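Engineer: Heads up: the sequence shown begins at 1 in full-length UniProt numbering, then just goes up one per residue.
For glycine and all other residues, C-beta sits at the position ideal for the given N, C-alpha and C.
The model shown is predicted, which means the values in this text are computed figures rather than measured ones.
There's a structure below that I have some questions on.
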Amino acid sequence: MTCPDCADDRVVLAVPDDYREFAPEESPRVSVCRTCLRVRPAPVDAGSDDSGDGSEDPTALGDWTPAGDAGVGVVLLVGLLDSLALNRSRIETLVARIERDGADPLLALDRLADAAATGAVEPHVDLARRRPQLQQFLDT
Numbered sequence: 001m002t003c004p005d006c007a008d009d010r011v012v013l014a015v016p017d018d019y020r021e022f023a024p025e026e027s028p029r030v031s032v033c034r035t036c037l038r039v040r041p042a043p044v045d046a047g048s049d050d051s052g053d054g055s056e057d058p059t060a061l062g063d064w065t066p067a068g069d070a071g072v073g074v075v076l077l078v079g080l081l082d083s084l085a086l087n088r089s090r091i092e093t094l095v096a097r098i099e100r101d102g103a104d105p106l107l108a109l110d111r112l113a114d115a116a117a118t119g120a121v122e123p124h125v126d127l128a129r130r131r132p133q134l135q136q137f138l139d140t
């Protein structure tokens, strides 16, 4: 399965119930591009043409993402960074949930920014601008 925006491969992740409200269309599975990191709903039917490579591990995207449920949460967070203003409440709730599951979402974003600086990924959002904005409204 390829990304319609950058033509790279996508990874399919199962979305845990605690994170479903943050997934596009509250989908039980999402597909995430390995390069631009755009998050889209993925079909539940594993036999569909859009079923991906079957990976259910968020670390398949790179060292920047934590493993397990918190890793899926971080991926969903990246998907919400398109619009901090529209997604502020959801982002604040999601960050708290990721922290509850034992991961540091801001550290994960810093690691993602490092991966972007080396060219390992090319996120669809400007992390250099988003990270300080995110920190600012999380501190208020």
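(1) Taking just the CA atoms, how far does Ser-31 sit from Glu-56?
(2) Between Asp-82, Asp-110, Val-125 and Ala-14, which has its C-alpha nearest Ala-60's C-alpha?
(3) Which one or two residues does DSSP pair with Leu-13 in a beta bridge?
(4) Can you give the Cα-Cα distance for Ala-29 and Ser-89, rounded to whole angstroms?
(5) Buried or exposed for Asp-49, going by 16 or more other Cβ atoms inside 10 Å?
(6) Mapping DSSP to helix, strand and coil, what is Val-39?
(7) Within 10 angstroms of the Cβ of Ala-108, are there 16 or more other Cβ atoms? Answer buried if so, exposed if not.
(8) Between which two residues does the alpha helix (DSSP H) containing Gly-102 stretch?
(9) First and last residue of the alpha helix (DSSP H) that includes residue 145?
(10) Just tell me which of Asp-63, Glu-99, Phe-137 and Ala-120 has its CA closest to the CA of Asp-18.
Structural biologist: In short:
(1) 10 Å
(2) Ala-14
(3) Val-30
(4) Here residue 29 turns out to be Arg, not Ala, going by the sequence shown. Cα to Cα, Arg-29 sits roughly 22 Å from Ser-89.
(5) Caution is warranted here: a pLDDT of 43 is assigned to Asp-49, below 50, making its placement in the model unreliable, and the coordinate value is therefore given only provisionally. Per the 10 Å Cβ criterion, exposed.
(6) strand
(7) buried
(8) Where Gly-102 is concerned, there is no enclosing alpha helix (DSSP H), given that its DSSP letter is neither H nor E.
(9) The structure shown has nothing for residue 145, since the chain only spans 1 to 140.
(10) Glu-99
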